[in-house]
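Asks: Line by line, the protein sequences give chains L and F. The numbering of the first sequence is the working numbering, which starts it at 1 and goes up by one. The numbering of the second sequence is the working numbering, which starts it at 1 and goes up by one.
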Amino acid sequence: MRTSLKWIKDLVPGLEATPREYTDAMTLSGSKVEFYETKDKDLDKIVVGEIKKIERHPDADKLVVCQVDIGGDVVQIVTGAPNVFEGAKVPVVLDGGRVAGDHNKGRAEGGVKIKKGKLRGVESCGMMCSIEELGSSRDLFPDAPEDGIYLFGEDAVVGEDAVAALGLDDTVIEYEITSNRVDCFSVLGIAREAAATFGKEFCPPKVVETGNGEDVNDYIKVRVEAPELCPRYTARVVKNVKIAPSPKWMQQRLRAQGIRPINNMVDITNYVMEEYGQPMHAYDLDTIQGRQIVVRRGQKDEEFVTLDGQTRKIDESVLMICDGEKAVGMAGIMGGENSMIRDDVTTMLFEAACFDGTNIRLSAKKVGLRTDASGKFEKGLDPNNAIEAMNRACQLVEELGAGEVVGGVVDVCQEKRESRRLPFEPKKYNRILGTDIPDEEMLAYFARLELAYDEKTNEIVIPTFRQDLESYADLAEEVARFYGYDRIPTTLPSGEATTGGLSEKLRIEKIVRNVARFCGFSQGMSYSFESPKVFDKLLLDPDDPARRAVVISNPLGEDFSIMRTLPLDGMLTSLATNANRRNPQVRLFEMGNIYLPKQLPVTELPEERMQLTLGMYGGGDFFTMKGVVEEILSELGMRKKIGYDPKAGKNFLHPGRQAKVLYDGAVLGYLGELHPKAADNYGIKERVYLAVLDMPELTARADFDRKYQGIARFPAATRDISMVVPKAVTAGQIEDVFDKKGGAYLESYRLFDIYEGNQITLGYKSLAYSLVFRSAEKNLADEDITAAMSRILKALEAMGVQLRK
Amino acid sequence: MKEKLQEITKKALEQIEAAEEINALNDVRVAVLGKKGELTAVLKSMKDVKPEDRPAVGQMVNDTRNAIEEKLAEALEKLQQAELDHRLRTEEIDVTLPAHRQAVGHAHPNISVLEEVEDIFVGMGYEVVEGPEVEYDYYNFEALNIPENHPAKDEQDTFYINKDIVLRTQTSPVQVRVMERGRLPIRMIAPGRVFRSDEVDATHSPSFHQIEGMVIDKDITFSDLKGTLQEFAKQLFGEDIQVKFRPHHFPFTEPSAEMDVTCFKCKGKGCRFCKGEGWIEILGCGMVHPKVLRMSGIDPEQYQGFAFGVGLERITLLKYEIDDMRLLYENDTRFLKQF
């Protein structure tokens, strides 16, 4: 919403404030000012002048020398403008003055200073200005020449301030109005807020009765067939229309609102739309067949040509304004070409209606046409505003002598909106605010907002334009706004103490994030939605359950259309980004949800499972990643044996380099090297290692209960064994033997050599382990260890393992 | 005898004096004081001394031994010190050579800020809770006093799974879920991912994060809201920060406000960073709407409270002066390394 400050000051005569004071105060009382522009901030010493005499420049063909009367004095100005003539009244910037910018280059920061000087040897004391040099445009001043000096009308007074004569002595303010304050999408609404903010009197225009002795009902009949979409429809008729330019004051106000003046009738409807926030429409009554208006829903596949000449497709959801035969307008959005006002119009039908806001919003979207009018209607207007705006428009028609208003109003009004009443509850307001504001002070704030107090019933009467005030909390806000948010005390909550903290889930996630970081992984973040093409990129089988995804019905595009069921695409895309940018040795992790539907189509919320995803390339291998996984589990107190099953069944991983991570009977996740084909699909040339851990499984098994074990007092005994092992036997199987047969004294074991090659028979590999035995109670005797070793060796031999001597 | 001892002493002291290595000193010790040493030999010859002279001679031998041992110890210390000095001198390194880093990873800037925010509120007794990212329309809208046909529910803003299920557009539904648990009083914050149908550009992302906060108790007031959020801003941005509350509108709070803080760059004077305003908008807040309380089973006559919502990315971008939101989701390690 935008208003001219001058217009506001005209409606609030006592208001004296600089633009800065005004905007600060309005922002603090709830009408947030986005920005303001003081139109004349770069204009200085500019007056209306009259060209008395024009002579040729002695040394330049394209320049002329003008003697310009600036109100008493005559100054000499040299100009190259082609449109000057003797007797022309023009804006003149005097020596030492400033203009807003250059004719061709537009506005200049801080303006341009004009000084007396010589042009080709002839003295020039100032400059005559184009509209652009005055900081405006031909868009708002269509009468200004394309190339040349702005020319005033006959009525301009020589010597007067030219900036004021053009109405540029104004500040334009842009507000951010919240959706609940429909009333503030109008100059009157803003002025009412300004009056309340500054505690000054609000003087809206007095609307008088208009119309001749005739009855409008003899001119037009209105029938509303879709009352659910049209709570009110009012119509009046103006005959003997005399199209002419509107008066200067109206043009100036429209310009300040950023609207180009056109003619008196168009300007009146635009003016009332700005003033009351009520869009109006004018039809040429002679084009209305059967002298009747029917408000109905559109028909399936109906087509309609709007004012702008475009053909629009309509359906039953769009409300149409029709005459006896055909549609003449799309309700609240745009009129039709067929009933457009032309300059030869003689009788006009004015429409001011209230349409269902939601329907207008949806219709405007459906036909792809959002207009100033639909923008107002979609906020849900006050039906009572329609009649007030209608009568105001007719008053202006009479004032401007633009036509003869026919007596009476057609008012098809299904919904009479009455004032709402709310109890006056000052204690509640103070209780919410934490203040101690006296009753009378509150009532004074209400009075400024036209919220009357009914002493008899102790009620506040809410006018219909304040549809947003529904409860005591709303009234508390009105009190707070004018008492001043800044004056409300600043306290901290008292009352029962609470213990704050993170949930166990969040605490564990934090630990895991930290371990990942200490292992060199930086945290990335990627989107929760992705493309269904991801499944093919990851080489999933056609029936892979991961392909069952939650689908977004209105995605931003196919690439963002499903909720991820695997946490890999974001990671692989990020790794690819890094690889393409030649970042060496990248380690990333992400902590984010996957979304698993409980059924398809979805009827209840999907399961959201937090996943830790680790990805890396350049530096490190499968076992590096395995080490990170084990660091994480260890930090979570998961001290039991971790198992690795090479049959992880992940198509996107290297078939010989993947493993499920097993712990305590559960699958915690998987890790492996990215399948070369999948790497290709992401355009990554490096070997990529991935690990995915399911956080709920980790959280369920994390164990922070730690007990001191005592430090061994007796010495350890070490035995090394070196074996030749069939290739198919894994280190894990060998270690299982140690675990099972090692007995109570086997403290730990460590692989210290692995070898395949020349000295070893084909199909075999050599493994060497160091086993550590220790007792907590005694010095171990040789027999204790030998017994355990022989159990181990026996079991190994059964697996085809030979001891190397 | 006396001459003999003097001779031993003299010779020993000369050798000690001349020793340049610790081994040479050991040789002296063995040669003089050892089992077969000269002084030991003297002692052994004591049996030839007259019994009445023995105490005096014994004393002399002992004095000689002590004198030599003392010199040996002195010399030893000197040589050890020289050796150490030599070692330290030769072990000098160029400390400006490159460090061997452990390559610790980096926290995402969003998470660094989030953890800071969490710490502040946990310190004030707030519980950190979560809610589903795919949420029922009821919790995301209706229970927050955003009725059917409200413009905020428009498909332009909201991703729908079906007519009842949406990707949450805000973290506010967590308020409702916590109120429905029915345990009062409540002090909570709820950080999390939210989704809006915005095309990706430097200032928009279809997926971002909010931190919701809510306090409900018997006598919570708007002034408590002001005090709490002022405290929050001062802890997050520094003691010298000023806050300003402006009236605003949210369907689920009344009265509502937006909070601005003084620009951290120009401290309120006005600069390019804050577009000359001196203030930067940080969050939306307000008193929980009585309708919302009632819908969640809380009697607004007994309990009231405040709620607020902060855009995490907004704070992150401001705090670290990041000029393009897309950087947060690209995961370029050259970006992440800076945090």
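Yeah, the Cβ is synthetic: ideal placement off N, Cα and C, and Gly gets one too. Bear in mind that the values here come from a model prediction, so they are computed numbers and not experimental data.
Look at alanine 144(L) and serine 130(L) and say whether their C-beta atoms are less than 9 Å apart.
Replies: yes
Asks: So with CB distances below 8 Å, who are the chain L contacts of valine 134(F)?
Replies: Residues of chain L passing the Cβ test: Val550, Met563, Tyr595, Leu605, Pro606, Glu608.
Asks: Could you say if the region 716-724 of chain L and the region 761-777 of chain L meet the contact criterion of at least three C-beta pairs nearer than 8 Å?
Replies: yes
Asks: Please identify the residue among His281(L), Arg774(L), Met723(L) whose C-alpha is closest to the C-alpha of leucine 754(L).
Replies: Per the sequence shown, the amino acid found at residue 754(L) is isoleucine instead of leucine. Comparing Cα-Cα distances from isoleucine 754(L) to each of His281(L), Arg774(L), Met723(L), the minimum goes to Met723(L).
Asks: What span of residues does the alpha helix (DSSP H) with glutamate 9(F) cover, start to end?
Replies: A quick correction: the sequence has threonine, not glutamate, at residue 9(F). It spans 2-18 - the alpha helix (DSSP H) in which threonine 9(F) sits, taken as one unbroken run.
Asks: Starting from the beta carbon of histidine 100(F), find every residue of chain L whose beta carbon is closer than 9 Å, and list them in chain order.
Replies: Close partners of histidine 100(F) in chain L (Cβ separation under 9 Å) are lacking, with about 14 Å as the shortest Cβ gap.
Asks: Strictly by DSSP, which residues pair up with cysteine 354(L)?
Replies: Arg232(L), per the DSSP bridge assignment.
Asks: Any chance you could list the alpha helix (DSSP H) runs of at least 4 consecutive residues sitting entirely within the region 197-281 of chain F, in chain order?
Replies: 222-237
Asks: For the region 511-535 of chain L, which residues have a beta carbon sitting closer than 8 Å to at least one beta carbon of chain F?
Replies: Arg513, Ala516, Arg517, Phe518, Cys519, Gly520, Phe521, Ser522, Gln523, Gly524, Met525, Ser526, Tyr527, Ser528, Phe529
Asks: Would a C-beta distance cut-off of 9 Å place glutamine 257(L) and valine 172(L) closer than the cut-off?
Replies: yes
Asks: In whole angstroms, what is the alpha-carbon distance linking threonine 624(L) and tyrosine 663(L)?
Replies: 19 Å
Asks: Can you round the beta-carbon distance between glutamine 175(F) and glutamate 212(F) to whole angstroms, since I take them to be within the 8 Å contact cut?
Replies: 6 Å
Asks: Candidates Asp454(L), Gly408(L), Ile552(L): which alpha carbon is nearest proline 601(L)'s?
Replies: Per the Cα distances, Ile552(L).
Asks: What residue range is occupied by the uninterrupted alpha helix (DSSP H) comprising valine 194(F)?
Replies: It is not in any alpha helix (DSSP H) - valine 194(F) instead sits in the beta strand (DSSP E) that spans 186-195.
Asks: I'd like the span of the alpha helix (DSSP H) that includes serine 471(L), first residue to last.
Replies: That residue, serine 471(L), is in no alpha helix (DSSP H); it is neither H nor E in DSSP.
Asks: Express the C-alpha separation of lysine 39(L) and serine 571(L) in angstroms, rounding to a whole number.
Replies: Residue identity differs from the one stated: residue 571(L) is methionine in this sequence, not serine. When rounded, the distance between both Cα atoms is 53 Å.
Asks: To which residues of the same chain is alanine 679(L) closer than 8 Å at the C-beta, ignoring the five residues directly before and after it?
Replies: Lys685, Glu686, Arg687, Val688
Asks: Is the shortest distance between the beta-carbon of lysine 505(L) and the beta-carbons of chain F less than 9 Å?
Replies: For lysine 505(L), the nearest CB of chain F lies under 9 Å from its own CB, placing it at the interface with that chain.
Asks: In the DSSP assignment, what residue or residues form a beta bridge with proline 423(L)?
Replies: Glu459(L)
Asks: Say whether chain F places a C-beta atom closer than 9 Å to the C-beta of aspartate 372(L).
Replies: no
Asks: State the Cα-Cα distance for the pair valine 122(L) and leucine 140(L), rounded to the nearest angstrom.
Replies: 35 Å
Asks: Can you check the region 555-635 of chain L for any beta strand (DSSP E) of at least 3 residues that lies completely inside it and give the ranges in chain order?
Replies: Positions of the beta strand (DSSP E) runs, each at least 3 residues long and wholly inside the region 555-635 of chain L, are given as 586-596, 607-617 in order along the chain.
Asks: Which same chain residues, not among the five before or five after glycine 800(L), have their C-beta less than 6 Å away from its C-beta?
Replies: Around glycine 800(L): Pro726.
Asks: Would you say glutamate 330(F) faces chain L, with C-beta separation under 9 Å as the test?
Replies: yes
Asks: So for lysine 163(F), helix, strand or coil by DSSP?
Replies: If DSSP states are grouped into helix, strand and coil, lysine 163(F) belongs with coil.
Asks: Taking the beta carbon of leucine 84(F) as the centre, do at least 16 other beta carbons fall within 10 Å, making it buried, or is it exposed?
Replies: The residue is exposed, with fewer than 16 neighbouring Cβ atoms inside 10 Å.
Asks: Under the criterion of a Cβ to heavy atom distance below 8 Å, does leucine 188(L) qualify as lining the ligand FMN?
Replies: Absence of the ligand FMN from the depicted structure is noted, as is the absence of any ligand whatsoever, leaving it without description.
Asks: What residues in the region 467-494 of chain L have a beta carbon less than 9 Å from any beta carbon of chain F?
Replies: Asp468, Glu470, Ser471, Tyr472, Ala473, Asp474, Ala476, Glu477, Glu478, Val479, Ala480, Arg481, Tyr485, Asp486, Ile488, Pro489, Thr490, Thr491, Leu492, Pro493, Ser494
Asks: How about valine 90(L) and valine 84(L): are their beta carbons less than 9 Å apart?
Replies: Yes, the pair counts as a contact, with Cβ atoms nearer than the cut-off.
Asks: Measuring only between beta-carbons, confirm whether alanine 497(L) sits less than 9 Å from chain F.
Replies: yes
Asks: Can the beta-carbon of methionine 348(L) be found less than 9 Å from the beta-carbon of glycine 403(L)?
Replies: yes
Asks: Which residue or residues does DSSP assign as beta-bridge partners of glycine 669(L)?
Replies: Answer by DSSP bridge pairing, in chain order: Val661(L), Leu693(L).
Asks: Would isoleucine 22(F) be called buried (16 or more neighbouring beta carbons within 10 Å of its own) or exposed?
Replies: exposed
Asks: Could you tell me the distance, in whole angstroms, from the CA atom of valine 28(F) to the CA atom of glutamate 91(F)?
Replies: 31 Å
Asks: Return the residues of the region 415-439 of chain L that lie within a Cβ-Cβ distance of less than 8 Å from chain F, sorted by chain order.
Replies: Arg431, Ile432, Leu433, Gly434, Thr435
Asks: What number of angstroms, rounded off, separates the C-alpha of valine 112(L) from the C-alpha of glycine 97(L)?
Replies: 9 Å
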